[in-house]
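Quick note on numbering: the sequence shown equals residues 56 to 361 in this note's numbering.
Cβ coordinates follow ideal geometry from the N, Cα and C atoms, glycine included.
Have a look at the structure below, then the notes.
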Amino acid sequence: MSHARTGIYEIHDPRFRHLIVSSAALEELYSGCRWAEGPVWFGDLDCLVFSDIPNQRLLRYVPDSGVSVLRSPSNFANGNTRDRQGRLITCEHGGRRVTRTETDGRITVLADRFEGKRLNAPNDVVVKSDGSIWFTDPTYGILSDYEGYKAEPELATHNVFRLDPATGGLAIVVDDFGQPNGLAFSPDEKQLYVADSASSHDENWPSHIRVFDVLENGKLENSRVFAVIDKGLPDGFRLDISGNLWTSAGDGVHCFAPDGTLLGKILVPQTVANLTFGGPRRNRLYITATQSLYAIYLTTTGAQWP
Ligand code: MG
């Protein structure tokens with residue numbers, strides 16, 4: 056398929072031109088990570104929290120001020136988000152658990168076992184407006200000692216879980232992914248998107264994002280392939296207010312329309328792991344990519360809480 060290349064952008068569909076600022080630069084805000092992941096925006100504190108997994112650090116970027124260490128060791132923290140009370144929710148490879156950081160700094164374990172068996176290595180997490188916490192549990196964090204502690208998985212499948220905040224009950228909502236990774240809801244929360252990144256270790260797995268219908272009872276149905284990634288694989292992603300999906304990929308950030316059409320790409324010099332919308336207008340896309348944190352202004356704005 057033909058596309059136009061203009062600077063850092065690949066235009067695959069004319070609609071993409073209305074989402075980007077053609078003159079905007081891809082700004083490198085920080086470098087020095089080993090694998091940057093898990094960006095989450097704190098609008099009230101005007102800062103971005105993100106993970107540097109192998110370096111055991113949670114980092115904090117303050118615009119015009121720079122990056123400092125928020126927590127080290129981080130227990131190989133990966134994906135981060137905020138719950139509806141604004142508290143930091145973190146996936147830890149090291150602890151093989153999902154935690155909540157309370158407002159006084161104490162850490163509460165939300166989930167570390169399913170039916171008595173240890174989780175693999177929670178990777179990415181999102182909170183629905185009803186307070187339920189949804190996270191993926193691939194095995195990346197226990198494959199070696201680089202991003203966690205090498206161990207054999209105790210669970211037979213690599214699942215997406217739903218945690219009920221009222222009861223603490225944990226339920227498997229999907230169990231047929233190779234390596235479930237990033238996840239996000241559509242703006243109306245009627246769909247859940249989940250990335251499969253299993254092609255990282257087995258080329259027989261597809262490099263794609265699937266979408267499910269979300270039922271009232273918290274279950275998922277009607278699984279179908281939403282988009283296939285043509286360069287590298289999908290890790291973390293977010294949606295904008297129009298339901299366009301902005302995902303990490305091997306050559307940068309790919310943007311897909313709600314119907315799955317590839318609209319365009321932002322080319323990034325390093326492999327992108329994850330991204331999130333931030334800034335007071337939520338129109339700045341923060342991108343974690345291997346060693347660096349990047350940002351770029353868009354004309355669209357993020358839909359995803361926070
Ligand atoms: Mg991830």
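| Check | Outcome |
| --- | --- |
| Complete runs of the beta strand (DSSP E) confined to the region 159-194 [at least 3 residues] | 162-166, 180-182, 188-191 |
| When Tyr204, Ala226, Leu81, Gly307 are compared against Glu170, the one with the closest alpha-carbon | Ala226 |
| Reduced DSSP category for Pro235 - H, G, I as helix; E, B as strand; rest coil | strand |
| Closer than 7 Å to the ligand MG: residues, by C-beta to nearest heavy atom, in chain order | Glu92, Asn133, Gly134, Asn178, Asp179, Asn236, Gly237, Asp290, Gly291, Ala328, Asn329 |
| Assigned secondary structure, Asp99 (DSSP; H/G/I helix, E/B strand, else coil) | helix |
| Ile296 versus Ala221, Phe240, Glu202, residue with shortest Cα-Cα distance | Phe240 |
| Local conformation of Ile321 per DSSP, three classes | strand |
| Per-residue burial, Gln246 [other beta carbons within 10 Å of its own, 16 or more giving buried] | buried |
| Alpha carbon of Asp68 to alpha carbon of Leu317, nearest angstrom | 7 Å |
| Beta carbon of His213 nearer than 8 Å to that of Phe190 | no |
| 8 Å Cβ shell around Ala59 - same chain, five flanking residues per side excluded | Glu65, Ile66 |
| Complete runs of the beta strand (DSSP E) confined to the region 57-131 [at least 3 residues] | 59-61, 64-66, 82-86, 91-97, 102-107, 112-117, 121-126 |
| Element boundaries [beta strand (DSSP E), containing Tyr349] | 347-352 |
| contact_flag[the region 119-133, the region 98-106] where n(CB pairs < 8 Å) is 3 or more | yes |
| Status (buried if at least 16 other CB within 10 Å, exposed otherwise) for Lys286 | exposed |
| Integer-rounded CB distance, given that Val266 should sit under 8 Å from Arg279 | 6 Å |
| Length of the line joining the Cα atoms of Leu218 and Leu294 | 22 Å |
| Buried versus exposed, by CB contacts within 10 Å (16 or more), Val283 | exposed |
| Best match in Thr222, Gly224, Ile188, Pro289 for proximity to Gln234 [C-alpha to C-alpha] | Pro289 |
| Per DSSP, the bridge partner or partners of Trp301 | Arg293, Cys310 |
| Under 8 Å between C-beta atoms of Asn135 and Ile144 | yes |
| Cα-Cα separation, Gly149 to Ala176 | 8 Å |
| Through-space distance from Thr356 to Ile75, alpha-carbon basis | 10 Å |
| Residue environment, Asn130, which counts as buried when at least 16 other CB atoms sit within 10 Å | buried |
| C-beta atoms of Arg173 and Arg151 nearer than 8 Å | yes |
| Contact belief for Leu330 with Gly291 at Cβ below 8 Å, rounded distance in angstroms | 6 Å |
| Neighbourhood of Ser187 by C-beta distance below 7 Å, restricted to the same chain and skipping five residues each side | Arg217, Leu218, Asp219, Pro220, Gly273 |
| Local Cβ density within 10 Å of Lys320, reported as buried at 16 or more and exposed below that | buried |
| Helix, strand or coil at Ser252 according to DSSP, with G and I counted as helix | coil |
| Assumed close pair Ala91, Thr345 - CB separation to whole angstroms, cut-off 8 Å | 7 Å |
| Identity of the residue in Phe71, Val95, Ile63 nearest Thr23 by Cα | Absent from the model: residue 23. The displayed extent of the chain is 56 to 361, so no value can be given. |
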